[in-house]
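Working notes, structure below.
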Amino acid sequence: MTPMTSFAASDADTRYSPLSRHFAEFITRLNGVYSPELYLAAFLVTDATLNGHICLNLHALEKQVFHIDGSPPLPSPPADAWSDILKGSPVVGTSGDFKPLILDDVNRLYTYRYWQYEKSVAERIIEMAGRRHPSLASIRLETGLDLLIRLFPEAIRQKGQPSGQVVAALIALTRDFCLISGSPGTGKTTAVARILAFILELTNGTDVRIALSAPTAKAAIRLQEAISRAKETLPCEEHIKKRIPEQAVTIHRLLKSSADGVRYHYNQSNPLPYDIVVVDEASMIDLPLMYHLLEAMPFAAKLILLGDPHQLSSVEAGTVLGDICRTGDTNLFSPELVDLLRAYTGYECTMSPAMTAQPLRDCLVELKTNYRVNEDSPLGQLKQAVIKGHSGAIFELLDSGLESICWIEMTDDAALKKMIATEIGPYLNQYMKMISDHFDIKEIFSFFDTYRLLCAVRNGLCGMTHLNRLIEKFLKDLSGNIRPEGINYPGKAVMISRNDYARQLFNGDLGLMLPESGTKGRLSVFFRDGATKLRQISPYVLPEHETAFAMTVHKSQGSEYDRVFLFLPDADSPVLNRELLYTGITRARRSLTVCGRKEILAAALSRKVSRYSALTEKIWKHQDP
């Protein structure tokens, strides 16, 4: 079984959340008598969810000693004995019971809420995947093929198998659940714009209500920008384009969450008023949010998820996208779907080795053609090596002297300052010169987005906070007309760190502090509003924010830049893992510079995010014979 990587037994320095202790004490009071085994289990299951797990694996934690808040050591018994003790408690139930804690038949312990979340998500996905629509029955083959050729010209004409985009279009048309995965640059958002046009044309666009959404405000803005760009080149009539929305909202706003984010206006008894819901950056959706989204989906409505399961997962508990995709081989379909693809494209495609119906397998498609980074290029090879954890190949690429990949050994503050001056200084000089020469604000934004400094952590030598301080000092030392002084200065980059719905500024929004046109040095912070518009806000009314010349890898998810500088910390950290490295390196379109120490990189490559849950098992045990 997967080990519980977030726990530290026999360690007096371990720090736990007070919430874990309060919950354990609450469970003890409900139980009526003190049981050290129950107290420990309740404490650890709460700590598990706080660390991203859905449940507690008793087998992974048996026969250990835990030190909690200076209390006497608490030993954990063998898993089977522990399970028997818990089953004797009136506060612990099994599947189907309504009790605070749920223990399943393989000794996985849940809080009732997370057990219900996992069970409901699995059941709803299975239900949606199993629904079929005879959408093609009344459509002539020639009509469908002509439309595919028009909307996917470069994809439908590929030799061999049909492209993932074409497969996804037919899946989305005939199924209620469609998950389109792929790394950055594989055209997921372009594909979904074409897929929506495909569905609208075949259904005459009549009364098809579509919603675009994403887990965060930043991701929602990127989605609407991508859809807006894709619509410009769609080869279809204007009335079809108009039916494809450009406005995207967060999932919380889509569901109309309460102020505390716990209750939602749209739910099982009051479903969403849409026929198709598209959600981008699905890797960032945690289990509770996926539960509420699926509960609010109307019967027979379509859910199309876009995401990359190799990226960093949600901040809260669960790795829903990864759990759904964790099936090994991809793009293996049932005979039924193979026949459909053959009929509408004339192509053969790989058939699933299982010859029985597998509804969910027919709902997943991976886009593999990368339109931005050639998979055989150094950046493409580095990405694949990180996914597989091949450290030898990674170090060979970093040491190869290739123009697109560079390694800089970072040992101390002097080396870091030198690197900023030589490698990043030219970008900063050009950026400040564009401001002093009164370049158009959109041009300044475009240049600022050609490069980005990404940090694995916030603190330490190569942490985000220290890097931003060094860059600000570098700017103050620059000669020229613009000299940043004090808190506010021309050229300052800021990132919003708390949502402000009144001003429509959200966590992750990036703004640039620039002089207002026609004023004597008065500064405003400019934010991009969609693909073409700008908004300006006084720096004195900004919601909570931080300097953002450097940002964390987490904050960069979904964005891409021509050149990326990826900074590793000077000391090992549990947050370093393959998913973080993958997310950082795949932000680079043209070149990547990794800064740090190789032993730290090796440590990060040795870790893979492992969040314990049974979602994969609950979904796929009903799919595979």
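Our numbering numbers the first residue of the sequence shown as 3 and each following residue consecutively.
Glycine residues also receive a C-beta, built at the ideal position from the N, C-alpha and C atoms.
Here the C-alpha atom of Ser608 lies approximately 21 Å from the C-alpha atom of Gly320.
In the pairwise beta carbon analysis, the segment 579-590 is classified as touching the segment 385-398: at least three pairs are separated by under 8 Å.
By the CB criterion at 8 Å, Leu150 and Val168 fall inside the cutoff.
When rounded, the separation of the alpha-carbon atoms in Ala303 and Val251 is 18 Å. When C-beta atoms of the segment 196-209 are compared with those of the segment 240-247, three or more pairs fall below 8 Å, so the two segments count as touching. Under the DSSP definition of a beta bridge, Met553 partners with Leu456. Annotated three-state conformation of Leu305 is strand, per DSSP. His312 sits in coil when the DSSP states are folded into three classes, being neither helix nor strand. By the Cβ-count criterion, Asp325 is buried, with 16 or more other Cβ atoms from all chains shown falling within 10 Å of its own Cβ. If you check the CB distance, Ala193 and Ala170 come in under 8 Å.
Assignment of Met412 by DSSP, reduced to helix, strand and coil, places it in the coil class. Annotated as proximal: Arg565 and Arg592, with beta-carbon spacing under 8 Å.
Gln432 sits exposed, since fewer than 16 C-beta atoms from the chains shown fall within 10 Å of its C-beta. Counting along the chain, Gln538 sits inside the beta strand (DSSP E) bounded by residues Lys535 to Ile539. Spatial neighbours of Ala228 in its own chain (CB-CB distance under 6 Å, excluding positions within 5 residues in sequence) are listed in chain order as Thr191. Membership of Arg224 in the alpha helix (DSSP H) is indicated by the continuous run Ala219 to Glu234. Comparing C-alpha distances from Ser575 to each of Ser37, Cys464 and Arg134 shows the shortest one belongs to Cys464.
Rounded to the nearest whole angstrom, the CA to CA distance from Ile182 to Val596 is 30 Å.
The segment 290-298 makes contact with the segment 116-130, as at least three CB pairs between them are under 8 Å. The beta carbon of Glu203 lies closer than 7 Å to those of Leu149, Cys238 and Ile242 in the same chain, with the five residues before and after it left out. Beyond the five residues adjoining it in sequence on each side, His267 comes within less than 6 Å, by CB distance, of Lys258 in the same chain, given in chain order. Membership of Ala44 in the alpha helix (DSSP H) is indicated by the continuous run Pro38 to Leu52. Ranked by how close their Cα comes to the Cα of Arg580, the residues Lys444, His312 and Ile489 have His312 in first place. Counting only the Cα atoms, Glu125 lies some 34 Å from Ser230. Judged by beta-carbon spacing, Leu536 lies beyond the 8 Å limit of Val555, meaning their Cβ atoms are not closer than that value. Ser91 places its beta carbon less than 8 Å from that of Asn33. Rounded to the nearest whole angstrom, the C-alpha separation of Arg524 and Glu518 is 6 Å. Approximately 5 Å separates the beta-carbon atoms of Leu60 and Trp84; this is inside 8 Å, confirming the contact.
Around the beta carbon of Pro571, 16 or more other beta carbons lie within 10 angstroms, which makes this residue buried. At a Cβ-Cβ threshold of 8 Å, Pro186 and Met286 do not count as neighbours. Contact check for Ile104 against Gly95 passes: the beta carbons are separated by less than 8 Å. Residue pairing from DSSP places Leu366 in a beta bridge opposite Leu181.
Pairing Ile278 with Val210 gives a Cβ-Cβ distance under 8 Å.
Note: Asp288 is not bridge-paired with any residue in the DSSP secondary-structure output.
Per DSSP, the unbroken beta strand (DSSP E) holding Thr252 starts and ends at Ala250 to Thr252. Assignment of Tyr116 by DSSP, reduced to helix, strand and coil, places it in the helix class.
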